[in-house]
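Working notes for the structure below.
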Amino acid sequence: MIKPKENKSLLEREPRFEDSFCSLQAIPQIPKIQLKETRTLVSYVRKFNDEVVRPLALKTDLKTFQDPDYLPWDLVQKANEWGFYTMFIPKLFGGQGWSLPSHAYVIEEMSSACVGIANAVFVHYLGFMTVLASWNLPLINRICRDVAEGERTGNPCLITLAITEPGAGTDVEEVELVDRGKVTCYAEKVKGGYIVNGSKIFISMGHVSTWHALIAYADLKKPSENTVMLAVKTGMKGFSFGKHEDKMGQRACCASELVFEDCFIPDDCVLGDSRDFPNSQIRGTGELVNQIIHYVVEVTRASVGAFGTGVARGAYEHALKFASENAVDGKLLINHEWAQIMLAEMYKNVIAGRLAYNEANYSNSLKGGVFNFLQIKPLYYYMKFIPQPIIDVFFVPFYKLKITNWLMRQIFVEGQSLEAQKRCSGWSSIAKFFGTDMGMKNSQMALEMMGQAGLRHESGAEKILRDSKLLQIYEGTNQLNRINLFNCLIARCVPQARVFEE
Amino acid sequence: MLTTIKCELKSFEDLAHSFAAKELTANREEHDRYPFGPFFDDVVTKAYEVGLLGATLPEECGGIGQDISALCIILDHICAADASLGGIIFTNALAQEIILAAGNKNLLSAMMEKAVDAKGALIACPSFANPAENGVTLEAVKVKDHYMLNGEIDYVVLGGISGHALVPAKIKGQEGYTFFLIDTADKGYAKSEPVVSLGLHACPAVDLNVVSVAGTLVGQEGDGAKYFAKASDRMHAAVAAMQCGIMKGSFEEALDYSQQRCQGGKEIINWSGLRMILGQMAMKVKIAEMVVSEAAQAAENQDRQWYLYTRAAALHLSEQACKLTTDGIQCLGGNGYMKDYGQEKRFRDAKHVQAFLGLAPMRKLSLIRDMLS
Ligand SMILES: Cc1cc2nc3c(=O)[nH]c(=O)nc-3n(C[C@H](O)[C@H](O)[C@H](O)COP(=O)(O)OP(=O)(O)OC[C@H]3O[C@@H](n4cnc5c(N)ncnc54)[C@H](O)[C@@H]3O)c2cc1C
């Protein structure tokens with residue numbers, strides 16, 4: 101019907117087939133058993149919602165108003181007992197090794213019951229992803245083993261990502277902006293390590309976490325090429341916590357200030373220094389830093405889309421319940437046609453949000469996506485069924501070898517084409533701003549349907565609205581994510597297009 | 002400020018503006034902590050003393066005797082600073098309007114004569130409910146020449162801080178409902194703790210349980226819906242004014258912040274993406290000002306079908322305010338989400354104010370019903 105060469109060129113036209121049908125391409129490659137795993141996880145988290153999240157959601161929120169010093173230790177303890185902090189850490193690093201892509205479904209599920217608590221549980225994986233994106237196996241292994249040990253001993257060990265600074269929020273998310281911004285977190289190379297000075301703000305779960313993936317800069321004038329990723333442990337000398345914020349919502353999840361005063365970080369806690377990155381065929385130093393940031397957000401922004409979808413669902417479920425039980429003008433609300441249409445609209449918003457984060461997930465499963473490697477079937481099954489001690493004996497000793505490090509870089513750094521990076525990053529931005537916009541839309545609609553009843557704290561609906569707003573701000577504001585989408589998937593076909601140049 | 006409102010009302014603008022600047026802005030976050038912090042009694046007392054609680058109350062009842070435009074101007078300026086006080090003024094004015102619509106000026110003047118403080122002057126009412134829509138839960142029984150009220154009623158705004166409450170009740174065996182004025186000092190008047198709510202924290206509501214509370218009949222038996230409709234038609238203009246004020250507050254904060262905050266090497270206002278958001282906000286604010294003044298004028302002049310204008314104004318500006326205030330947070334990034342800035346409060350308040358006077362979708366439907374009738 102059509103010649104292979106012609107076929108290729110037609111499919112490479114915008115919208116490119118490769119970018120448009122991620123699920124179609126990814127599903128045949130995905131190990132079948134992943135479906136079963138996802139089913140198990142979704143039912144597990146539903147149980148967690150029934151037993152932990154719902155009973156605590158409003159209570160915890162209220163507690164934070166009564167006691168501004170409240171920190172969510174109790175929640176962390178519960179989530180630790182239920183195994184959520186090691187759930188998606190690969191067995192290679194001592195975790196439970198459930199398939200990483202399933203985490204988005206789990207997030208949606210938990211967020212539908214309380215996105216504040218879901219954030220308190222899953223922002224840990226933002227930290228984990230940052231540690232992972234350094235591809236520094238010995239340190240990844242050390243930190244993840246601490247998390248596993250924390251689970252075993254009942255002393256939760258969580259990881260944060262600390263990148264935002266008082267003077268730089270959007271700027272630190274974009275390598276193109278960071279050199280023009282006012283970053284202040286300075287890492288000076290000294291014998292045996294680095295000395296860090298400066299502060300980070302809004303760090304989710306900071307006060308209750310053990311490891312912090314800190315992004316600092318060895319040259320404040322040219323941070324893009326002098327980015328240092330450090331693993332800082334709570335208790336290290338010179339590292340302390342400042343205040344935690346008084347937020348509108350998601351109050352179960354604290355946002356902390358991290359303060360560094362002549363804080364010495366030894367070499368074995370350095371995740372990476374961009375000045376030491378080996379030369380790359382396709383990327384300069386700044387682009388390598390950009391790749392790391394994007395590896396993180398390719399996963400976590402899609403997760404925020406799942407948070408948003410969960411919120412949209414929670415709002416819808418509240419509205420549905422209210423409409424089914426309350427009469428307006430002498431008739432159950434659910435039997436007013438306009439209300440049925442509104443509920444259908446809300447339902448659609450949930451589904452569409454889910455489709456978006458799913459597609460972003462599938463994009464990450466395709467070649468060049470971060471999930472791709474672990475989903476290679478033989479590797480996947482091997483990892484799933486092999487006992488942990490064997491991994492510990494036969495794999496872990498290799499982490500320190502130079503060749504292993506080289507291999508990781510070949511797979512994840514060089515192995516990711518710029519096209520794949522753009523596809524993954526673009527899709528995760530779509531999932532992020534679309535899902536979170538749907539969360540906002542549905543939480544507004546639920547309150548419109550519920551009127552006076554929805555205003556009360558105990559209704560839960562007003563909390564959903566308060567919680568939902570955060571999602572449009574963090575992990576890059578929704579505007580930044582729109583610009584990122586433009587940059588990744590639109591600008592490439594318009595050579596004269598320039599981003600951040602006005 | 003509001004473009005077409007008569008200039009002789011300038012004095013109200015000045016009054017409200019300076020009151021807001023002096024009493025509200027500085028302590029907004031602290032006032033908003035209620036019920037987890039102290040109530041701003043002193044502010045309410047001052048509002049009472051300068052006459053903010055009696056703008057539309059006739060002079061013979063001890064009020065200022067102004068029409069709805071003056072109330073709108075006051076609410077606009079107060080809400081730009083702190084919509085909680087706006088909610089108090091609104092709820093009190095709604096109760097007064099219902100009593101006036103029922104032709105019971107005398108009740109108000111007697112009450113105001115006795116009032117020695119803000120509490121004595123304030124009248125609580127369930128200002129978020131349209132009783133005809135939600136159903137009426139209180140029951141009134143006529144005993145000789147007076148009425149006894151029994152039952153539970155939710156979300157009576159100001160019910161914990163006022164001397165009186167205006168509540169709807171059903172008289173056994175009758176169609177429709179009737180308004181009664183009750184004394185909050187009555188032995189049978191039991192109130193809950195303040196209801197923890199989305200917004201307007203310092204405009205608290207309580208749930209009431211009344212047991213054999215004496216009620217003074219307001220207007221005629223069974224005519225409650227008529228009075229509510231009449232009063233709420235006028236008060237929709239006031240809702241619009243509150244939203245206009247909230248929008249202005251949010252816009253001004255965003256405009257201010259975006260000139261201070263730098264990202265990408267320049268003030269964020271100089272990124273056209275952000276400037277476009279500000280442009281959209283500015284557009285909404287300017288339209289809101291026009292809408293409020295026209296709606297208030299229409300109500301004052303009793304223009305043909307004026308009530309459609311006031312209701313449309315409230316509905317439209319509520320939608321706009323909910324949209325604008327999320328952008329108001331967005332412009333401040335993470336800071337917008339924190340209590341230290343007024344933006345998160347305005348976002349909550351706008352959504353809260355949208356719920357005044359009954360379910361918004363039902364009010365939209367009522368536009369068509371009334372256009373056709
Ligand atoms: C509760 C909470 C939890 C958080 N958790 C974490 C965490 O765990 N770890 C972490 O590192 N960070 C965290 N953050 C920080 C978050 O990622 C930042 O708030 C976010 O990136 C926005 O940065 P900012 O707040 O400095 O806003 P700014 O960057 O100052 O932005 C202000 C406004 O300007 C706009 N703007 C900025 N630059 C441009 C531009 N070039 N073009 C157009 N518009 C622009 C923005 O879109 C926004 O509307 C958290 C934030 C919050 C609120």
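Residue numbers (the working numbering), protein chains in the order written: chain A, 101 to 602; chain B, 2 to 374.
The beta-carbon is built from N, C-alpha and C at its ideal position, and this holds for glycine as well.
Worksheet item: Which word fits A/Pro104, buried or exposed, when buried means at least 16 other C-beta atoms lie within 10 angstroms of its C-beta?
Response: exposed
Item to complete: Take B/Ala17 as the anchor and find which of B/Glu222, B/Leu72, B/Gly66 and B/Val157 has the nearest alpha-carbon.
Response: B/Leu72
Fill in: Proximal chain B residues relative to A/Leu622, where beta-carbon distance stays under 7 angstroms
For residue 622 of chain A there is no data in the structure shown, the boundaries of chain A being 101 and 602.
Discussion item. Quick check on this structure: which residue in A/Ile207, A/Leu258 and A/Asn461 has the alpha carbon closest to the alpha carbon of A/Lys333?
Written reply: A/Leu258
Practice prompt. Kindly give me the distance between the Cβ atoms of A/Gly298 and A/Phe360, rounded to whole angstroms, as I take these residues to be in contact under 8 angstroms.
Written response: 6 angstroms
Worksheet item: By Cβ distance below 8 angstroms, which residues in the same chain neighbour A/Gly293 in space, the five residues on each side in sequence not counted?
Response: Phe364, Ile365, Pro366, Asp367, Cys369 and Val370
Worksheet entry | Coarse secondary structure for A/Pro115, derived from DSSP in three states | coil
Discussion item. By the 8 angstroms beta-carbon criterion, what residues does the stretch 353-369 of chain B contribute toward chain A?
Written reply: His353, Gln355, Ala356, Gly359, Leu360, Ala361, Pro362, Met363 and Leu366
Fill in: Partner residues on chain B for A/Val428, Cβ-Cβ distance less than 8 angstroms
Glu134, Asn135, Leu360 and Met363
Worksheet item: Using 8 angstroms as the limit for Cβ to Cβ distance, is B/Gln331 near chain A?
Response: yes
Worksheet item: How would you list, in chain order, the residues of chain A whose beta-carbon sits under 8 angstroms from the beta-carbon of B/Gln264?
Response: Ala268, Gly269, Thr270, Asp271, Leu277 and Gly281
Worksheet item: Terminal residues of the continuous beta strand (DSSP E) containing A/Ser403?
Response: A/Ser403 -> not in any beta strand (DSSP E); alpha helix (DSSP H) instead, spanning Thr385 to Glu425.
Discussion item. Need the endpoints of the beta strand (DSSP E) that A/Pro238 sits in, please.
Written reply: No beta strand (DSSP E) contains A/Pro238, which is instead part of the alpha helix (DSSP H) from Leu237 to Thr253.
Worksheet item: DSSP on B/Asp68, reduced to helix/strand/coil?
Response: coil
Discussion item. Helix, strand or coil for B/Arg364? Go by DSSP, reduced to three states.
Written reply: helix
Worksheet entry | Range covered by the beta strand (DSSP E) that runs through B/Val144 | Glu140 to Val144
Discussion item. 8 angstroms is my cut-off, CB to CB: does A/Glu523 come that close to chain B?
Written reply: The identity of residue 523 of chain A in the sequence shown is Arg, whereas the question assumes Glu. A/Arg523 does not count as touching chain B.
Worksheet item: Relative to ligand 1, is the shortest distance from any of its heavy atoms to the C-beta of A/Ala262 smaller than 7 angstroms?
Response: yes
Discussion item. I'd like to know whether the C-beta atoms of A/Lys322 and A/Asp279 end up nearer to each other than 8 angstroms.
Written reply: yes
Discussion item. Going residue by residue through the stretch 256-296 of chain A, where are the continuous alpha helix (DSSP H) segments of at least 4 residues, counting only ones entirely within it?
Written reply: 270-273 and 275-278
Worksheet item: By DSSP, does B/Lys231 sit in helix, in strand, or in coil?
Response: helix
Discussion item. In this structure, how does DSSP classify A/Phe377 when only helix, strand and coil are distinguished?
Written reply: coil
Practice prompt. Using DSSP bridges, identify the partner residues of B/Val157.
Written response: B/Val207
Worksheet item: Hey, is the stretch 393-408 of chain A in contact with the stretch 439-449 of chain A, meaning 3+ C-beta pairs nearer than 8 angstroms?
Response: no
Practice prompt. Pick helix, strand or coil for A/Glu459, following the three-state DSSP scheme.
Written response: helix
Worksheet item: Going along the stretch 335-362 of chain A in order, which residues come within less than 7 angstroms of chain B, judged by CB to CB distance?
Response: Glu345, Asp346, Lys347 and Met348
Discussion item. Let me confirm a value: B/Gly1 is counted as buried when at least 16 other C-beta atoms fall within 10 Å, else exposed. Which label applies?
Written reply: In this structure chain B extends from 2 to 374, so residue 1 of chain B is not present and cannot be described.
Practice prompt. Could you check what DSSP says for B/Glu222 in three-state terms: helix, strand or coil?
Written response: coil
Worksheet item: With C-beta atoms as the reference, is A/Leu512 less than 8 angstroms away from A/Leu200?
Response: The sequence given here has Phe at residue 512 of chain A, not Leu. Cβ distance not < 8 angstroms, so A/Phe512 and A/Leu200 don't count as in contact.
Worksheet item: Which bits of chain A does B/Lys1 rub up against, with CB to CB less than 9 angstroms?
Response: Nothing about residue 1 of chain B can be reported from this structure: the residues present for chain B run from 2 to 374 only.
Worksheet item: Which residue from B/Ala21, B/Val292 and B/Lys231 puts its Cα closest to that of B/His317?
Response: B/Val292
Discussion item. Quick test of your reading: B/Val158 and B/Ala125, contact by CB under 8 angstroms. State the CB separation rounded to the nearest angstrom.
Written reply: 6 angstroms
Discussion item. Please list, in chain order, the chain B residues whose beta carbon lies closer than 7 angstroms to that of A/His557.
Written reply: Val197 and Ser198
Worksheet item: Using CA coordinates, which residue listed in A/Ile127, A/Ile102 and A/Tyr395 is at the minimum distance from A/Tyr462?
Response: A/Ile127
Item to complete: Could you say if the stretch 378-389 of chain A and the stretch 180-196 of chain A meet the contact criterion of at least three C-beta pairs nearer than 8 angstroms?
Response: no
Worksheet item: Taking three-plus beta-carbon pairs below 8 angstroms as touching, is the stretch 88-100 of chain B in contact with the stretch 46-59 of chain B?
Response: yes
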